[in-house]
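A.B. asks: Below is a structure I'd like to ask you about.
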């Protein structure tokens, strides 16, 4: 049985602490900036991999925060919808072209940013 001192298990089933929200947001901001198309392919791949790890770490952290809320709570429902979207994003492939890889990275950035928003909002609410 998990308790407050037990770190959440990520999507791969391993145990880890949730990612640092400031780092998640910094990576997302870089990809969501207007000049994001100026990244090298290797840099996009690195940021995408980092965001995948961050999303996988945030999902169980946000889920844990939703458990303390009533089942009919609107912020809880929004967070759970975001978690569903995040799981779908994790199933996305990296893409065959640089343009598609950048598009996937931007989607990962938006998802990571949204999960970070829910993590902070629900953390304040609990």
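Numbering (the UniProt record's numbering), first residue to last: 1 to 126. Here a beta-carbon is modelled for each residue, glycine too, at the ideal position from N, C-alpha and C. These numbers were taken from a predicted model, which means no experiment stands behind them.
Please state if the CB of residue 49 and the CB of residue 98 are separated by a distance shorter than 7 Å.
C.D. replies: No, the Cβ-Cβ distance between residue 98 and residue 49 is not below 7 Å.
A.B. asks: Alpha carbon to alpha carbon, how far is residue 114 from residue 86? Give it in angstroms, no decimals.
C.D. replies: If you take the alpha carbons of residue 86 and residue 114, they lie about 9 Å apart.
A.B. asks: Leaving out five residues before and five after residue 62 in sequence, what residues of the same chain have Cβ atoms less than 8 Å from its Cβ?
C.D. replies: 79, 82, 83, 115, 118, 119, 122.
A.B. asks: Candidates 95, 18, 93: which alpha carbon is nearest residue 54's?
C.D. replies: Measuring from the Cα of residue 54, the nearest candidate turns out to be 18.
A.B. asks: Once the 5 residues before and after residue 107 are set aside, which same chain residues still bring their CB inside 8 Å of it?
C.D. replies: Once the five neighbours on either side are set aside, the close Cβ partners of residue 107 are 89, 92.
A.B. asks: Quick one: grab the DSSP three-state call for residue 40.
C.D. replies: Residue 40: coil per DSSP, three-state reduction.
A.B. asks: Just how far apart, CA to CA, sit residue 37 and residue 102?
C.D. replies: C-alpha separation (whole angstroms): 7 Å.
A.B. asks: Rounded to a whole number of angstroms, what is the C-alpha to C-alpha distance between residue 20 and residue 67?
C.D. replies: If you take the alpha carbons of residue 20 and residue 67, they lie about 21 Å apart.
A.B. asks: Can you tell me whether DSSP reads residue 91 as helix, strand or coil?
C.D. replies: Here residue 91 sits in coil by DSSP.
A.B. asks: Give the straight-line distance between the Cα atoms of residue 110 and residue 31, rounded to the nearest whole angstrom.
C.D. replies: Cα to Cα, the separation comes out at about 9 Å.
A.B. asks: With DSSP collapsed to three states, give me the class of residue 124.
C.D. replies: Helix at residue 124.
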